[in-house]
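Residue 826 is where the sequence shown ends in the working numbering, and the numbering goes up by one at each step.
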Amino acid sequence: MHCAPLLTLLTLLPFVFADTALAQYPDHPIRMIVPQAAGSATDTLTRVLASALAEELHQQVVVDDRPGGALTLGLDLTAKSPPDGYTLCMGPIGALAITRHLVVPLPYDIARDFQPIALVARGQLLLAVSPATGFHSVPELIAYAKANPGKLLNASSSNGSPGHVGGELFKFMTGTDIVHVPYKGGAPAINDLMAGRVQLMFESLDSISPFARSGAVRALAVTGDHRSTAFPDLPTVAEAAVPGYSAPTWSGVIAPAGVPRPTVDRLNAAINRALRSPAMRQFYASIGDEPAGGTPEEFAASIAADSQKWSEVIKRAGIRLE
């Protein structure tokens, strides 16, 4: 006679425990993997976000830098981690939309093995030239490149980087022959740009903007769809001379596939709140990036769209990782 209430209780127990686990999440520190080295632009962004996110979640967020393998080592570690919400990764556009077309075979599948959580930052590249050149505008640069094929050297932080593919798109759309020179990191490339050993570079704002502001390199344009708040007087490449040119950047938080939807939603809401914190706003203002946010589905759509775009550029340019 008392069996029915007992059966009902037993049926509800899994849901009770699930709700309790969700209410307690997170109950220990969260690891945020960075697929680049300490001190990189992605690492800096992640550390600012980790601090703001820790305040939202009332739990420590530990940054774990795992560089190497053209951004694949950190992502592979993320993909193979338990999908419990305690391992996250800051995925830059290079890792999620560019190198996936350059490293074959990848040890993971971007669409299958990762759960997008939230887009964190939208940024741009800066087209800068060496002060040793006489270029003061994008049209002057293009005119010289057309008249002197193969004589200009375009530095980038690495093969397959956003600056590399952004430069290839520029060459294709302007019909110019400019030689790509890959470096092992943005710092040595910027040093050679300042010294005049290379003539131009497409580099992330947060890496090169201090040198542009000091005059150590000469800024000509930004690569996004609109002007940067950090350099409001600089035109976009499209405004300056190449209609339709667009090479923005972004970074966002991902997790292993299979994280329960309630945990995804909780993380997404916490990140969206963290992006509005004074520390994050100050960080964005200092480098010219913009807060992003939005839903996991919107982030997934950005990954898919830019993956398609850069796949076509990479195939057309015949880019290979060495």
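Idealized CB from N, CA, C, for every residue including glycine.
Taking only three categories from DSSP, how would you classify residue i?
i	result
Ile537	strand
Ala720	coil
Val608	coil
Gly572	coil
Leu549	helix
Ala525	Residue placement at Ala525 is flagged as unreliable, the pLDDT there being 48, under the threshold of 50; the coordinate-derived value follows with that caveat. Helix, per DSSP.
Pro795	strand
Ala542	coil
Phe519	Unreliable placement is indicated for Phe519, whose pLDDT of 48 sits below 50; no coordinate value is reported for it.
Looking only at DSSP bridge pairs, what is residue i linked to?
i	result
Ile758	Cys593, Pro620
Leu629	Ser708
Val817	Partner(s): none; Val817 has no beta bridge.
Ala556	Looking at the DSSP assignment, Ala556 forms no beta bridge with any residue, so it has no partner.
Ala725	Leu631
Candidates the options: which alpha carbon is nearest residue i's?
i	options	result
Ala720	Pro530, Ser634, Gly572	Ser634
Ser662	Arg777, Ala636, Gly690	Gly690
Ala789	Asn776, Ser732, Ala541	Ser732
Gln540	Asn772, Leu704, Glu672, Pro571	Pro571
His813	Gly670, Ala716, Asp696	Reading off the sequence, residue 813 comes out as Lys, not His. Ranking the options by Cα distance to Lys813, first place goes to Gly670.
Ser755	Thr576, Asp580, Gly598, Leu575	Gly598
Cys593	Thr680, Val538, Arg722	Val538
Val607	Thr576, Asp588, Leu697	Thr576
Ile554	Met536, Ser585, Tyr749, Asn652	Here residue 554 is Ala; the residue named in the question, Ile, does not match the sequence. Measuring from the Cα of Ala554, the nearest candidate turns out to be Met536.
Ser711	Lys655, Ile791, Ala542	Ile791
Thr680	Gly654, Tyr612, Ala659	Gly654
Val566	Ala556, Ala574, Val763	Ala556
Leu549	Val763, Glu802, Ala796, Ala716	Ala796
Leu779	Ser708, Leu738, Glu560	Glu560
Pro800	Ala774, Gln786, Ala821	Ala774
Val624	Ser811, Gly798, Phe715	Gly798
Leu579	Ser544, Arg777, Pro596	Pro596
Met698	Val683, Pro760, Ser718	Ser718
Gln564	Val552, Ala574, Ser708	Val552
Lys650	Gly627, Gly667, Asn658, Lys675	Lys675
Pro533	Ala558, Ala542, Thr546, Gly543	Ala558
Val823	Leu673, Val741, Asp737	Checking the displayed sequence, the identity of residue 823 turns out to be Ile instead of Val. Out of Leu673, Val741, Asp737, Leu673 has the C-alpha closest to the C-alpha of Ile823.
Pro752	Ile694, Val741, Arg765	Val741
Gly762	Pro530, Ile621, Phe735, Gly627	Ile621
Tyr612	His640, Gly664, Thr582, Ala734	Thr582
Ala545	Asp531, Phe787, Phe803	Phe787
Val683	Ala659, Phe715, Gly700	Ala659
Val642	Thr678, Pro609, Ala734	Thr678
Using a beta-carbon distance below 8 Å, is residue i in contact with chain C?
i	result
Gly627	No chain C appears in the structure shown, which is made up of a single protein chain.
So does residue i have its beta carbon nearer than 7 Å to some heavy atom of the ligand ADP?
i	result
Thr582	Questions concerning the ligand ADP fall outside what the structure shown contains, since it holds no ligand whatsoever.
Threshold first: 3 residues or longer. Then list the beta strand (DSSP E) segments lying entirely within the stretch 727-793, N to C. Taking only runs of at least 3 residues, the beta strand (DSSP E) segments lying wholly in the stretch 727-793 are 753-760.
Tell me the start and end of each unbroken alpha helix (DSSP H) in the stretch 636-677 that is at least 4 residues and wholly inside, in chain order. Taking only runs of at least 4 residues, the alpha helix (DSSP H) segments lying wholly in the stretch 636-677 are 642-651.
Residue ranges of each beta strand (DSSP E) run of no fewer than 3 residues wholly in the stretch 680-713, ordered along the chain? For the stretch 680-713, whole beta strand (DSSP E) runs of length 3 or above, ordered along the chain, are 683-686, 704-708.
Does the stretch 588-603 come close enough to the stretch 685-703 to have 3 or more Cβ pairs within less than 8 Å? Counting C-beta pairs with one atom in each stretch, the stretch 588-603 and the stretch 685-703 have fewer than three that are closer than 8 Å, which means they do not touch.
Is it true that the stretch 703-710 meets the stretch 621-636, where meeting means three or more beta-carbon pairs spaced less than 8 Å apart? Per the Cβ contact rule, the stretch 703-710 is in contact with the stretch 621-636 (3 or more Cβ pairs under 8 Å).
Below 8 Å, can you find three or more Cβ-Cβ pairs linking the stretch 816-823 to the stretch 791-807? No, the stretch 816-823 is not in contact with the stretch 791-807.
Could you tell me whether the stretch 617-627 touches the stretch 639-650, where touching means 3 or more Cβ pairs closer than 8 Å? In short, these stretches do not touch, since the Cβ pair count stays below three.
Contact between the stretch 737-750 and the stretch 582-591 (3+ Cβ pairs under 8 Å): Flag = no, the stretch 737-750 and the stretch 582-591 do not touch.
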